[in-house]
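Residue numbers (full-length UniProt numbering): 1 to 184.
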């Protein structure tokens, strides 16, 4: 025992510091390995990974084209009405494009209320078609009536995210006179 610190404490502290240093060195090695791997990939990616990436991109594009031909379904959160937006120029597998039918009108996008089976609307621009799909109550009479009905009020209150803290008031004890016996 020197300088007032027991030897076993010194030994355990030294071991703990050595273990911490080993862990830090291992983490630095892993970070360097990751950086080296990223640098090698940036310089020249492996040909098989490039082919796999191109294949995945082509598959995603095909799936997106099929989705556009079948239509994207928008569901209104307040009424639950489902509205489909279709691209009339997109083609699905086994389904020909309807370009010849709509090219004369110049209408590319079709919006239809699936819930109420309303007549479809046609738009030239995707922004206008998306806006119409999101706001079906402007053109579908049944959606307009659903949106106009008042929402039901919950029978019980929702949980409050942060419950209010109870108010704690300090009430001092009543003063006792010297001659009163202590209350038991």
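For glycine and all other residues, C-beta sits at the position ideal for the given N, C-alpha and C.
Exclusion of the five residues before and after residue 8 leaves no residue of its chain whose Cβ lies closer than 6 Å to its Cβ.
With respect to the 8 Å criterion, residue 111 and residue 83 are classified as neighbours on the basis of their beta carbons.
Beta-bridge annotation (DSSP): residue 115 is not paired with any residue. Burial of residue 71 is indicated by the presence of at least 16 other C-beta atoms within 10 angstroms of its C-beta.
With respect to the 8 Å criterion, residue 81 and residue 30 are not classified as neighbours on the basis of their beta carbons. DSSP, read as helix, strand or coil, puts residue 109 in strand. Per DSSP, reduced to three states, the secondary structure at residue 138 is helical.
Under the DSSP definition of a beta bridge, residue 82 partners with 75.
One alpha carbon belongs to residue 61, the other to residue 55, and they sit about 10 Å apart. Residue pairing for residue 146: DSSP places it in no beta bridge.
Proximity to residue 109 across 117, 118, 116, 127 peaks at 127, based on C-alpha coordinates. Taking C-beta separations shorter than 7 Å and ignoring five residues to either side along the sequence, the partners of residue 121 in its chain run 111, 132, 139, following chain order.
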